[in-house]
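Printed below as a string of structure tokens:
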């Protein structure tokens, strides 16, 4: 299976045969097949009719109990028919990069900065921290400084943040076809990486050449470990996207947010190309009131789901995570009306609000009382790191390295 | 007194006299369109119309009709833009740089080359307008006073530098081409009657050929050549900075400005050859665009092709030597990843083919030159495709890695540009003199066969 | 200054002959109105005693104007009128000036100089030129001598032209 293209297999069990596409899942026990039941319905409405294949006929009932596993006489035969699975992520491994930094409990107990990489740059004075260098003076942040900390340890990859963001920010539903063309519109995504048997250390030990090393790094292990990394706009203080927009459609606010001005954007897509985190999304079509996208934005009833505080974007315009600026502005205004500063916890982004494990912490980094301030202070030079720190884009979103509860 | 050289090969053959020059070139303008021209023109108009349909769909339905996605924001659109702009640079090089270097052999090819430049820049400009999500607001790239503040443009952005560079380049190229054409338009005017005379009379701006006018004209040409030379270097440098100033591995490299400029001249000369080899045959201008001219152009192709080849090797070396993980992966992926076939095409077409011109027999052979010129242009298209798509499709975060596949509208919009280019070029070839008569006449005495015979 | 009056026109076939003839003709005291050639003949302007053109100074001035306008435009827009935080960069840093200023300089140089050239040479669409002989744009070199500006007799001038290699000489009223 490559780039999301797989084959249809013919599966026979309990005398019933179905044709179903196959997703090769790293970590699936060998000689086993898992099928989700509940698909292939015919009388449920637009969302569920004729989506997927009905696997219920494969099950058997014995003594009044449904047997959900079939352990014998299962026959799976692959056909030559190709099928494109709609996957938002078609590459599964991390290719030996330090985007996700992790360690295990044993090492962490010895050293709170276990598993951390501190990128340095060579200068005339020796190797210095990558973010200590600057060609210009950074601007002051006198008032608020909004930021986020994402704990890779707590994230379970449930996806609640993705859905809450979509609901809060009127993110269009684009349909299976567009997803299979890698045109999802999610402002926050959860990158899920499997470990691979090959790494830089293994390649050095076993004398594997660079080309082979990278090719082997693309394959996940038979029994991989997994990490979930929520990724949204990092609100970089030295944003590469802002510099390259010809019409000043994206700028930086005095409170640290990367602003996106939808009505100014003419859609050159240079900002999306220049984003190293690839968090920007482009409106390829008109997703509202368009028969080709007959989802919630194509009916009066469906439109009642939309959030009136957030602009619905037009065709040809770029969009991305705004750190729920509508909520920030509302919170600041409420506080102002009550003659006080916003209290920490009053303003929360949709993703942070929905996260069941509090993996996402949002707040004002300039507020000494805030949870995020205390978290950053506690984990500075320990678990706290920025993704792609060496690029010196100075993100406002930081991550806490994952510590696996193992001894090795 | 003209300096004559008994050792240089003649640039105008078959004993042409001044009047022959006038006749040979004017009769193409004055005659009725030939059947061959009508067929060729019709084909290009059909391509243009098909392209217009694809363009209409792109503009009304959305950029989603292309194969672009969240990871790869630019593919065929910007590849085609850079390809056409690069091709255009050879025209200015021939007119301007070769004038400054006093290369007389430029005189019979500079008019057609400059026309090619202008039409190529039209095509490049069409891709700029096309690739923008909201084309009807593209004028916001210009720093015009407005009612939004006034909200100006972002001069940090290489795209704004592009706006200024490409528009200056187009305007100055048109100016240079037109000023050079005024004396020839006067020649046609004097031979024409009726409506033709009125039209060419208006176009020729009252030119009579007086010595004072020629004195100023020569100064103007020299200064235009003098500003066009840094202009052509700056324009493609600025185009290369669309990539070089970004952070993406494979794009963020300081070698791009000289590499792109050399590549532009490389592909531009190849396109000039493709066009002139056909034009000289059809218009029977073999005595003006001789094998010596073709050989000189091939030598430039070898030179610039070698520079491009060295740049490729340097890029590869630096990707390894820099020790930057992302950069080394980018190049290994280019050569061995899913787009390896594009990289292989680029290497064979651009590095190997120009080296064939070291052999005298090949560089003086018309058919071989024609074939190689097309191969070079294909190779240069792949170079831009490789740079743009292979760098974008696998950059920093592997979770975003995906593939790009072109759709019929990517291809259709490219066909539009061919239709536009050839329609313009055939109109130019029919209604305007394809060779700069005045300049050829000025070298006739010193560089023709007549002279060498005596 | 419109061209009017009686002219004596001499036709030459070769540019080297022309150049030498012009020198001799002027040496004899004949005032030449203008010489028309199908292509620029090097040394002709010197032989006719023309001052060098100062269009290059015009070009330089326009170029300087373009450069000043470019720099002023960027600085006033990015530094004064509406400075913004774009990528954390300073409002109007020196590197961003370079490409656009250069383009403005070139644009002003090219157009300023060329339009000045058109105006001073009276090369404008719509005017009809005074053509002494249509072959001046084809293959002949034409010397036009205005008779009422010359005190020498018509026959004398005629003879001088013929002696210096003119293939034809005729009178023309403009």
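Chains as they are written, first to last, in this note's numbering: chain A, 18 to 425; chain B, 12 to 465; chain C, 3 to 176.
In this text, a Cβ means the ideal position worked out from N, Cα and C, and glycines have one as well.
Just so you know, these numbers come straight off a predicted model, no measurement behind them.
The criterion of a C-beta distance shorter than 7 Å is satisfied by residue 364(B) and residue 387(B).
Against residue 201(B), the close residues of chain C are 133, 136, 137, 138, 139, 140, in the order they occur along the chain (beta-carbon pairs closer than 9 Å).
Measuring C-alpha to C-alpha distances from residue 169(B) to each of 43(C), 42(C), 98(C), 132(C) identifies 98(C) as the nearest.
Around the CB of residue 407(B), 16 or more other CB atoms lie within 10 Å, so the residue is classed as buried.
The residue among 420(A), 395(A), 30(A), 389(A) with its C-alpha nearest the C-alpha of residue 161(A) is 389(A).
Secondary structure in the segment 42-95 of chain B: the alpha helix (DSSP H) runs of 4 residues or longer, each lying completely within the stretch, are 46-72 in chain order. Here residue 145(A) is bridged, per DSSP, to 138(A). With a threshold of 7 Å between beta carbons, residue 74(C) makes no contact with chain B. Among the residues facing chain A, residue 410(B) is included, as its CB has a counterpart in that chain under 7 Å away. Residue 163(A) has 381(A) as its beta-bridge partners, per DSSP. By the Cβ test, the segment 5-12 of chain C is not in contact with the segment 208-224 of chain B, since fewer than three Cβ pairs between them sit closer than 8 Å. Neighbours of residue 153(A) in chain C, taken as residues at a C-beta separation under 9 Å, are given in chain order as 90, 91, 92, 95.
Our two residues, residue 122(B) and residue 36(B), have alpha carbons roughly 12 Å apart in a direct line. Taking a Cβ-Cβ threshold of 8 Å, the residues of chain C close to residue 212(B) are 130, in chain order. Residue pairing of residue 417(A) in beta bridges, as defined by DSSP: 168(A), 401(A). Apart from sequence neighbours up to five positions away, the residues of its chain that approach residue 163(B) with a beta-carbon distance below 7 Å are 154, ordered along the chain.
Residues of the segment 116-129 of chain C that bring their beta carbon within less than 8 Å of a beta carbon in chain B comprise 116, 119, 120, 122, 123, 124, 125, 126, 127, 128, 129, in sequence order. Interface annotation for the segment 250-275 of chain A against chain C: 253, 254, 255, 256, 257, 258, 259, 260, 261, 262, 265, 267, 268, 269, 270, 271, criterion Cβ-Cβ distance under 9 Å.
Using a Cβ-Cβ cut-off of 7 Å, residue 86(C) counts as an interface residue toward chain A, since at least one Cβ of chain A sits closer than that to its own.
In the DSSP assignment, residue 353(A) forms no beta bridge with any residue. Residue range 243-248 is occupied by the beta strand (DSSP E) that includes residue 247(A). Residue pairing by DSSP puts residue 12(C) in a beta bridge opposite 145(C), 171(C).
Residue 110(A) is positioned such that its CB atom lies closer than 7 Å to that of residue 235(A). It is roughly 12 Å from the alpha-carbon of residue 57(A) to the alpha-carbon of residue 63(A).
For the segment 141-165 of chain A, residues whose beta-carbon sits nearer than 8 Å to a beta-carbon of chain C comprise 153, 154, 155, 156. The Cβ neighbour count for residue 36(C), taken over all protein chains shown within 10 Å, is at least 16; the residue is labelled buried.
Interface with chain A (7 Å Cβ-Cβ cutoff): residue 343(B) is included. The C-alpha of residue 278(A) is placed about 9 Å away from the C-alpha of residue 336(A). Counting only Cβ-Cβ distances below 7 Å, residue 306(B) has no contacts in chain A at all, with the closest Cβ about 41 Å away. In this structure, DSSP gives residue 36(C) an extended state, which the three-state scheme calls strand. Within chain C, the residues whose beta carbon sits less than 8 Å from that of residue 30(B) are 140, 141, listed in sequence order. Residue 176(B) is not a Cβ neighbour of residue 266(B), given a cutoff of 7 Å. The C-alpha of residue 47(A) lies about 10 Å from the C-alpha of residue 240(A). Judged by their CB atoms, residue 414(A) and residue 251(A) are nearer to each other than the 7 Å cut-off.
Between residue 23(A) and residue 102(A), the C-beta gap is smaller than 7 Å, which places the two residues in contact.
Per DSSP, the beta bridge partners of residue 269(A) are 275(A).
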